[in-house]
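So the sequence shown is numbered by the working numbering: it starts at 194 and just counts up by one.
Notes to accompany the following structure.
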Amino acid sequence: MEYASKICDGCKNLGIIAIKRVSSAHKTTNDVLDIIAEYEGDGVPTVFVAVAGRSNGLGLVIAGNSPLPVINAPPLNADWAAQDVWSSIRTPSGLGCSTVLGADEAALAAAKIFANDDYMVFCRLLVKQFDNFAIISVSSSISAI
């Protein structure tokens with residue numbers, strides 16, 4: 194839950210309202226399908242960020258049952274990361290979901306989707322890119338001295 198909260202915080206910093214929902218693709222599949230239907234029917238632009246460990250099946254179930262964008266953001270732990278991540282990377286054909294590693298990257302990936310229709314998110318991303326450029330430029334200048 195802490196990892197999902199970090200993603201929500203990253204979204205908030207980029208001007209995106211994030212709603213955290215808890216469900217299991219394997220244990221409460223009908224609940225997942227109900228959540229999908231709820232967001233598909235509300236008319237609000239939506240990106241699903243699926244945070245699931247072990248088999249990481251949540252994002253795949255969402256992507257297989259919704260035309261809305263899905264980002265897999267598996268919370269990797271040191272013990273099983275190398276094995277668990279494969280279920281988010283080697284996905285069945287026709288699902289079209291993406292996978293990112295890290296809470297900040299998940300928030301950025303979602304923001305880039307929202308930026309297509311939300312000029313405020315678009316502008317926040319431009320500022321973030323400029324900040325990155327400035328940090329690298331300053332570091333480069335200092336190194337040259």
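Just so you know, even glycine gets a beta-carbon here, dropped at the ideal spot from N, CA and C.
Residue nearest to residue i in terms of C-alpha spacing, selected from the options
i: ASP202; options: LEU301, ASN325, VAL263; result: LEU301
i: PRO238; options: GLY246, VAL254, ILE209, ASN270; result: ILE209
i: ILE264; options: VAL240, ALA308, ALA211; result: VAL240
i: LEU207; options: VAL225, THR221, LEU226, VAL314; result: VAL314
i: ALA243; options: PHE323, LEU294, ILE329, ASN325; result: LEU294
Residue i in three-state terms, based on DSSP
i: SER280; result: helix
i: SER291; result: strand
i: MET313; result: helix
i: ALA327; result: helix
i: ASP235; result: coil
i: SER198; result: helix
i: SER286; result: coil
i: LEU318; result: helix
Delimiting residues of the alpha helix (DSSP H) encompassing residue i
i: ALA211; result: First-last for ALA211: undefined, no H or E at that position.
i: ASN265; result: ASN265 -> not in any alpha helix (DSSP H); beta strand (DSSP E) instead, spanning 263 to 265.
i: VAL242; result: Note, VAL242: premise wrong, no alpha helix (DSSP H); beta strand (DSSP E) at 241 to 243.
i: LEU251; result: 250 to 258
i: ALA218; result: Premise fails: ALA218 is in no alpha helix (DSSP H) and is neither H nor E.
i: LEU301; result: 296 to 307
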